[in-house]
Amino acid sequence: LGAMVVITLTSFMTVHNRRVLMDSTVQNNQDIAAAVSISLDNYLDELARTTETLATSHLIVESVIASNRESGLLDPFERKQRSNELNEKWMGITDSDDPFIQEYLSNSVARHLREQERVIPDLYGEILVTNKYGELIAATGRLTTFYHGDKYWWLSTFNDGKGRVFFDDRGYDLSVEDFVLGVTVPIYHKGECIGVLKSNMKIFSLFSRVVQDYAAMYRPGIVKIARTDGQVVLEPNEPPLSTVVCQEFRPQLRDEILSTHYIDHSGEEILVSVSPIKNTTELSRFGFGGEGGSEDHMRGNTDEKWVVLLKLPKEHIKKKIASQTRQFLLIGFLSIFAISMAALFLVNKATGNIIRLVQLTDEVGRGNLDRRVNINTNDEIGILAKSFNEMLTNLKQTTASKDELLKEMQKRRRAEKILKHLSTVDELTQLYNRRAFNDNMHRAITHVRHSDDPLAITLLDIDDFKRINDSFGHDVGDAVLVEFATVLRDNVREVDILSRWGGEEFIIIMPGTNAPEARKVAERLRQAVENFEFTQGISITASFGVTEFRNSDTFDSLLKRVDDAQSKAKADGKNVVAVL
182 LGAMVVITLT SFMTVHNRRV LMDSTVQNNQ DIAAAVSISL DNYLDELART
232 TETLATSHLI VESVIASNRE SGLLDPFERK QRSNELNEKW MGITDSDDPF
282 IQEYLSNSVA RHLREQERVI PDLYGEILVT NKYGELIAAT GRLTTFYHGD
332 KYWWLSTFND GKGRVFFDDR GYDLSVEDFV LGVTVPIYHK GECIGVLKSN
382 MKIFSLFSRV VQDYAAMYRP GIVKIARTDG QVVLEPNEPP LSTVVCQEFR
432 PQLRDEILST HYIDHSGEEI LVSVSPIKNT TELSRFGFGG EGGSEDHMRG
482 NTDEKWVVLL KLPKEHIKKK IASQTRQFLL IGFLSIFAIS MAALFLVNKA
532 TGNIIRLVQL TDEVGRGNLD RRVNINTNDE IGILAKSFNE MLTNLKQTTA
582 SKDELLKEMQ KRRRAEKILK HLSTVDELTQ LYNRRAFNDN MHRAITHVRH
632 SDDPLAITLL DIDDFKRIND SFGHDVGDAV LVEFATVLRD NVREVDILSR
682 WGGEEFIIIM PGTNAPEARK VAERLRQAVE NFEFTQGISI TASFGVTEFR
732 NSDTFDSLLK RVDDAQSKAK ADGKNVVAVL
């Protein structure tokens, strides 16, 4: 009878565990696939925002306006003819040091773009800027062609003058000899799309870290990023774009969210989950696509989307169920043996406790793993009851992997928040960087438009900083920049928002401050800099430009005026404060 009870109970538990473990595994797979796709979507969002911020540079916008003005003087036929001639000339020159090539690789915009590349050298492949006719203005490296107005990514980004962000899944880019994702954004001026900026990002190392992190949690399963045509973009321990999803499963890659199983070509039963990377599928927000191959890239996208793919052999689940069944059988037979021994000596005393144990086994057979039996005796029945309670606790813990996964996901989200914070801080000076300044400036402008409070900004530049680098070296120059930032930080007011604008330029947002008050603050800062003894006894001065926000101002006009004010300070002999 005892053996029959154990076998029957084990059968119930096996059926129950199979259902619970399968359901929990499917749900866990869906959660992991969704978590990976969310992480990758966040990275794509961040790449788009970073590139859009770069495209707002005053230098870039002004250069594009000037290029459009020059090309706009020609009629369409003349302009097309000139573009073709320049394109042929560009492609016919093999020497990158040729003056014609260097005109576009060494101008002020190209130098500015190259400076952005140096900030994150492992991320940027190449950056280029065109006017609204597709003609090259500047690039950080030698491109295959000069004219880009007929390329799919340019047309999608310019979008008939409306502009939108486009992700170019290029595959292997011959220009940088790496697998890249092109992030192409419109350049706007007064709400009009006036040009295009493209940044080819080396995203595979970045995406590899995400896949490797989740793959470590998902063993023995495999985490992949694939195109919906079955081409595997990325998977652990394989070169990018070198493998494909098996033929039997490819049609299902286009499903929105999927968890299912199939039998692969080797006869193995596989449990698989698919989650789309939404920034590649919801095309109302971003453009996404590519071209299979051209003269500058190969293995590109052919109008496919990206999905996260999780594969887990179903044999892994069967092994878990078999292990649990053996464990339950062992505990069950040991428990029956203990009950039998106790019954020989304590049958009368133990009858009530045995009935309670039988009731417990019945409830467990119906799937209730939360019930416990409370028998506080030191005899065999008490030991049996304790064993049953421990067994049920162990069995319940085997279904708790989902909770552990969710905790890990929360930890990852917290880490992503920390990374996002770090992206707003200048690494050298620990001040806000330009991206953080842009966000703070937009918020400050929005506030004053609703409150009529005054708002001023100050742009300052270290005078003759190149002399320090040339005389003492860049290490000393960096030390001077750090000390200069400390002097500013120690002397600005609590309400002021101090940021590094770039190079040796710094910018201060002064909420609730009119131009006369801002001038006083700037003069105090100027004197603090002039009186401070920098490293190696170096003395420096700085020129300050100050302006106050006007109701007619835009973000760009305000920045242009403060830049003009700083230029006036330079022209007035440096080490002065100029107000416009």
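Numbering of the sequence shown is given in this note's numbering, commencing with residue 182 and proceeding in unit increments.
The beta carbon of each residue, even a glycine, is placed where N, CA and C say it ideally should be.
Would you identify the three-state DSSP class for residue i, choosing helix, strand or coil?
i, result
"Thr321", "coil"
"Glu496", "helix"
"Arg305", "Checking the sequence shown, residue 305 turns out to be Tyr, not Arg. Tyr305 falls in the strand class under three-state DSSP."
"His628", "helix"
"Gly402", "coil"
"Leu573", "helix"
"Pro692", "strand"
"Thr461", "helix"
"Asp226", "helix"
"Ala524", "Caution is warranted here: a pLDDT of 49 is assigned to Ala524, below 50, making its placement in the model unreliable, and the coordinate value is therefore given only provisionally. In the structure shown, Ala524 sits in a helix (DSSP, three-state: H, G or I)."
"Val673", "coil"
"Asp753", "coil"
"Phe469", "strand"
"Ser724", "strand"
"Phe348", "strand"
"Val758", "strand"
"Arg553", "coil"
"Asn268", "helix"
"Asp276", "coil"
Can you give me the C-alpha to C-alpha distance between residue i and residue j, rounded to a whole angstrom?
i, j, result
"Arg260", "Ser252", "7 Å"
"Asp354", "Gly306", "9 Å"
"Asn268", "Ser205", "59 Å"
"Ser389", "Glu416", "8 Å"
"Val702", "His370", "32 Å"
"Gly363", "Val346", "10 Å"
"Phe646", "Glu714", "15 Å"
"Leu493", "Tyr613", "45 Å"
"Ala524", "Ala503", "Note that Ala524 scores a pLDDT of 49, beneath 50, so its modelled location is shaky and nothing firm can be said."
"Ile213", "Asn619", "35 Å"
"Glu544", "Ser604", "55 Å"
"Phe467", "Thr311", "20 Å"
"Tyr328", "Phe653", "43 Å"
"Met185", "Ser192", "10 Å"
"Asp656", "Gly684", "14 Å"
"Met572", "Met203", "20 Å"
"Val425", "Gln262", "44 Å"
"Thr694", "Phe730", "10 Å"
Count the other C-beta atoms from every protein chain shown that fall within 10 angstroms of the C-beta of residue i, then say buried if there are 16 or more, exposed otherwise.
i, result
"Leu609", "exposed"
"Met194", "buried"
"Gly726", "buried"
"Ser125", "No answer is possible for residue 125: the residues shown for the chain start at 182 and end at 761."
"His293", "buried"
"Gln747", "buried"
"Ala752", "exposed"
"Ser380", "buried"
"Lys588", "exposed"
"Val676", "exposed"
"Phe258", "exposed"
"Ser290", "Here the sequence assigns Val to residue 290, which means Ser is not the residue at that position. Result: buried."
"Gly533", "exposed"
"Ala397", "exposed"
"Arg630", "exposed"
"Ile384", "buried"
"Phe736", "exposed"
"Arg681", "buried"
Just list the residues that DSSP pairs residue i with in beta bridges.
i, result
"Gln412", "Val425"
"Ile535", "None; Ile535 has no bridge partner."
"His370", "Glu373"
"Glu686", "Asp642, Gly683"
"Tyr613", "Val606, Ser680"
"Gly718", "According to DSSP, Gly718 bridges with nothing at all."
"Glu729", "Ala637"
"Asn381", "Glu307, Gly363"
"Glu316", "Tyr328"
"Ala407", "Val413, Val488"
Is residue i near the ligand ATP, with its Cβ less than 6 Å from a heavy atom?
i, result
"Phe467", "Judged by which ligands are present, the structure shown has none, so any question about the ligand ATP falls away."
Touching by the beta-carbon criterion (3+ pairs, under 8 Å), the segment 361 to 377 and the segment 449 to 461: In short, these stretches do not touch, since the Cβ pair count stays below three.
Give a yes or no on contact between the segment 610 to 626 and the segment 707 to 719, applying the rule of three or more CB pairs nearer than 8 Å. The answer is no - the segment 707 to 719 does not touch the segment 610 to 626, with fewer than three Cβ pairs under 8 Å.
Decide if the segment 318 to 326 is in contact with the segment 228 to 248; the criterion is three or more beta carbon pairs, one per stretch, under 8 Å apart. Yes: the two stretches touch, three or more of their Cβ pairs being nearer than 8 Å.
Determine contact between the segment 217 to 225 and the segment 389 to 408, defined as no fewer than three beta-carbon pairs at a distance below 8 Å. Counting C-beta pairs with one atom in each stretch, the segment 217 to 225 and the segment 389 to 408 have three or more that are closer than 8 Å, which means they touch.
Taking three-plus beta-carbon pairs below 8 Å as touching, is the segment 636 to 643 in contact with the segment 692 to 708? Contact holds: three or more Cβ-Cβ distances are below 8 Å.
Do the segment 274 to 285 and the segment 340 to 347 touch if we need at least three Cβ pairs shorter than 8 Å? The segment 274 to 285 is not in contact with the segment 340 to 347.
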